[in-house]
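Student: Handing you this structure, nothing more for now.
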Amino acid sequence: MDQVPDQLKDTALIRFFGLTKIPLLWFIKPTVQKMTDEVCEIKVPLNRRTKNHLNSMYFGVLCAAADCAGGLTAMKHIRKSGKPIALSFKDFHAEFLKRAEGDTIFTNTQGKEIEKFVQEVAASGERMNMPVEVIATVPSKEGDEPVAKFTLTLSLKLKG
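Here you go:
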């Protein structure tokens, strides 16, 4: 398994999680483009499954993928901590700026902050909340210009 690229392992992890826990994630077929300690990039293709009647990405898919980008970052740091920490999102704010008319990349750049947050939760044992930012872009149409911005409140608590 060491010869399998991390990007492929992370994609398999999120798709298996989708298949077993959140079927919508499996259905939209997210792919991990980049996963480091600092950055998580998730790509969702614009296709029959993900587009609306205007041939742009359906807003529900945009929201699910934003959840995926923020959630995968937290899941990886929780796993690395070795602590039994429950993950959920307390609230969700979306700002749709333009239609996503192509494959869309969802980027979270708060990996280090989330890692520190996981350590704080593990040490305190209390439920704690942290805002997580995710930016959606369509590089083939809009370059680096955001088509949507999301703020999700990550809520973590040590189990038990």
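Numbering of the sequence shown is given in my numbering, commencing with residue 85 and proceeding in unit increments. Glycine residues also receive a C-beta, built at the ideal position from the N, C-alpha and C atoms. All values reported here derive from a predicted model rather than from experimental measurement.
In whole angstroms, what is the alpha-carbon distance linking I124 and V216?
Tutor: The sequence position of residue 124 within the sequence shown is 40, counting from 1. The sequence position of residue 216 within the sequence shown is 132, counting from 1. The amino acid occupying residue 124 in the given sequence is Cys; Ile does not appear at that position. Rounded to the nearest angstrom, the two C-alpha atoms are 12 Å apart.
Student: Measuring straight from C-alpha to C-alpha, what distance separates I106 and A206?
Tutor: Locating residue 106 in the sequence shown gives position 22, counting from the first residue. Locating residue 206 in the sequence shown gives position 122, counting from the first residue. About 25 Å.
Student: Just to confirm before moving on: does the CB-CB distance between T237 and P230 stay below 9 Å?
Tutor: Locating residue 237 in the sequence shown gives position 153, where the first residue counts as 1. Locating residue 230 in the sequence shown gives position 146, where the first residue counts as 1. In this structure, P230 does not lie closer than 9 Å to T237 by Cβ.
Student: On the CB-based measure, 16 or more other CB atoms within 10 Å of its CB, does E199 come out buried or exposed?
Tutor: Numbered from its first residue, the sequence shown carries residue 199 at position 115. It is buried - the Cβ of E199 has at least 16 other Cβ atoms within 10 Å.
Student: From M119, T235, K182 and K160, pick the residue whose C-alpha is nearest to that of A148; which is it?
Tutor: Taking the first residue of the sequence shown as position 1, residue 148 is located at position 64. Of the candidates M119, T235, K182 and K160, the one whose C-alpha sits nearest the C-alpha of A148 is T235.
Student: Could you name the residues of the same chain whose beta carbon sits closer than 6 Å to that of V218, not counting the 5 residues immediately before and after it, in chain order?
Tutor: If you number the sequence shown from 1, residue 218 lands on position 134. Only residues of its own chain outside the window of five on either side were considered, and among them A150, A153, G154, F190, N192 and F234 have a CB closer than 6 Å to the CB of V218, listed in chain order.
Student: Starting from T95, trace the alpha helix (DSSP H) both ways and give me its first and last residue.
Tutor: Along the sequence shown, one-based indexing puts residue 95 at 11. Note, T95: alpha helix (DSSP H), D90 to T104.
Student: In or out: L138 buried (at least 16 other Cβ within 10 Å) or exposed?
Tutor: Counting from 1 along the sequence shown, the entry for residue 138 is found at position 54. With fewer than 16 Cβ atoms within 10 Å of its Cβ, L138 is classed as exposed.
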